[in-house]
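Residue numbers (our numbering): 93 to 474.
The structure appears right after this line, and notes come after that.
In structure tokens, the structure reads:
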């Protein structure tokens, strides 16, 4: 039989075994053959390296796969490194491209990025279809593609909806570590959706929280959050009747709503509070009142992205409450030691995020590496 008659996979396997036979005469070749998988050489030989990317199948990872692969502690560290890369010129990331699709009542958004140190290349694609609940589907769906930084080959496709939730909350936890006071026993949460739940989980990993005050326009949603999250984090959760009640007395504050107009007031804020302002990411939406922005030391995920699409900042500038210069810096600059962050215990600090692609790509790289290591997911030939 000529080499042309040998299937590609068999031929590659033959080459690998012959290579090890020549260079490792004492190697157990039976073990090599049995451990050699279609998607990678046994980790005994190349612990973290897949077989030549030219021949690797694509890995597909669903939400269930990602749940078992990632925890908040390691994701917070991964995102810290990603933001340092971004704010020190070691990343490439344009502002997200949003394409409205009025003919089909939806929109599609692309978010590509590359992280130099991590060799992480990828893109998240997000769709928004407001009629989806009628089809028993979420309004927002996301998928992340991860590519080889050497060849551009598609390495993996994975669920992006869950990744979006956990990377957003983990980035807020990262910012909290960098900007908040060490003791923050009371957490105020405005909103009771997916992001509220993820933030309660993530912030509980980095701060000792003894009380959580939750407010949502829909009281039943807040009650459901209380019943679900209280036992998970072991913290007393109180559902309150107004945004003011959730804000007053809070040492940490999280806003995760789709509000069009400000939902907090500077007069309600406790001196020294740290705010993670997450919900608004469009030029026509805002959660934070101009006086709070003026009072606070403001750090952002990406200055360029904030100035392109963040209503909280853009509307406050338009109204004359602040200028662009009021933004103290990017959170990556604080993490890199280029900016001071909090300087006084009574200082009000605010982290404003619109969500950026480096967060998705860094998370996807972490998920992919762990999936390969633990042999999780489904390989697909394309």
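Ideal Cβ placement from N, Cα and C applies to all residues, glycine included.
Report, in whole angstroms, the separation of the C-beta atoms of residue i and residue j, which I expect to be a contact under 8 Å.
i           : j           : result
residue 220 : residue 231 : 6 Å
residue 403 : residue 378 : 4 Å
residue 248 : residue 460 : 5 Å
residue 338 : residue 281 : 7 Å
residue 330 : residue 389 : The Cβ separation is near 29 Å, so there is no contact.
residue 272 : residue 294 : Not quite, the Cβ-Cβ distance comes to about 13 Å (not below 8 Å), so this is no contact.
residue 153 : residue 250 : 4 Å
residue 212 : residue 457 : 4 Å
residue 413 : residue 385 : 6 Å
residue 279 : residue 304 : 5 Å
residue 393 : residue 448 : 5 Å
residue 401 : residue 348 : That pair is no contact at about 17 Å.
residue 166 : residue 197 : The Cβ separation is near 39 Å, so there is no contact.
residue 307 : residue 325 : Actually they are not in contact, since the Cβ atoms of residue 307 and residue 325 sit about 18 Å apart, beyond 8 Å.
residue 259 : residue 171 : 6 Å
residue 430 : residue 369 : With a Cβ gap of about 22 Å, residue 430 and residue 369 do not count as contacting.
Take the Cβ of residue i as the centre, count every other Cβ of all protein chains shown within 10 Å, and call the residue buried at 16 or more, exposed below.
i           : result
residue 407 : buried
residue 376 : exposed
residue 334 : exposed
residue 367 : buried
residue 353 : exposed
residue 437 : exposed
residue 435 : exposed
residue 116 : Caution applies to residue 116, whose pLDDT of 45 falls short of 50 and renders its modelled position unreliable; the value that the coordinates give is listed next. With fewer than 16 other Cβ atoms within 10 Å, it is exposed.
residue 264 : buried
residue 41  : Not covered by the structure: residue 41. The range shown for the chain is 93 to 474.
residue 382 : buried
residue 175 : buried
residue 228 : exposed
residue 495 : Summary: the structure shown does not reach residue 495, with the chain confined to residues 93 through 474, and so no result is reported for it.
residue 343 : buried
residue 410 : exposed
residue 276 : buried
residue 216 : buried
residue 359 : exposed
residue 475 : Nothing can be reported for residue 475: it is not among the residues displayed for the chain, which extend from 93 to 474.
residue 311 : exposed
residue 415 : exposed
residue 189 : exposed
residue 179 : buried
residue 177 : buried
residue 417 : exposed
residue 89  : As shown, the chain starts at 93 and ends at 474. That puts residue 89 outside it, with no answer to give.
residue 283 : buried
residue 94  : The pLDDT assigned to residue 94 is 38, lower than 50, so where the model puts this residue is not dependable; a value taken from the coordinates is nonetheless given after this. With fewer than 16 Cβ atoms within 10 Å of its Cβ, residue 94 is classed as exposed.
If you reduce the DSSP assignment to three classes, tell me which class residue i lands in.
i           : result
residue 118 : The pLDDT assigned to residue 118 is 41, lower than 50, so where the model puts this residue is not dependable, and the model offers no usable value.
residue 224 : helix
residue 194 : helix
residue 457 : helix
residue 424 : helix
residue 229 : coil
residue 200 : strand
residue 376 : coil
residue 211 : coil
residue 444 : strand
residue 244 : coil
residue 157 : helix
residue 450 : helix
residue 163 : coil
residue 265 : helix
residue 462 : helix
residue 180 : coil
residue 172 : helix
residue 234 : strand
residue 419 : strand
residue 105 : Reliability of the predicted coordinates at residue 105 is poor, the pLDDT of 45 falling under 50, and no value is obtained from them.
residue 270 : helix
residue 219 : strand
residue 205 : strand
residue 435 : coil
residue 256 : helix
residue 470 : strand
Inter-stretch contact at 8 Å, needing at least 3 Cβ pairs: the region 451–471 / the region 417–431: no
Taking the runs of the alpha helix (DSSP H) that are 4 residues or longer, which of them lie wholly in the region 286–366? 286–298, 311–325 and 335–339
Which parts of the region 382–407 are runs of the alpha helix (DSSP H), unbroken and 4 residues or longer, counting only runs that do not cross its ends? 382–387 and 395–401
Give a yes or no on contact between the region 237–256 and the region 265–285, applying the rule of three or more CB pairs nearer than 8 Å. no
Could you tell me whether the region 289–302 touches the region 188–207, using the rule of 3 or more Cβ pairs below 8 Å? no
If we count Cβ pairs, one from each stretch, closer than 8 Å, do we get three or more for the region 249–256 versus the region 450–458? yes
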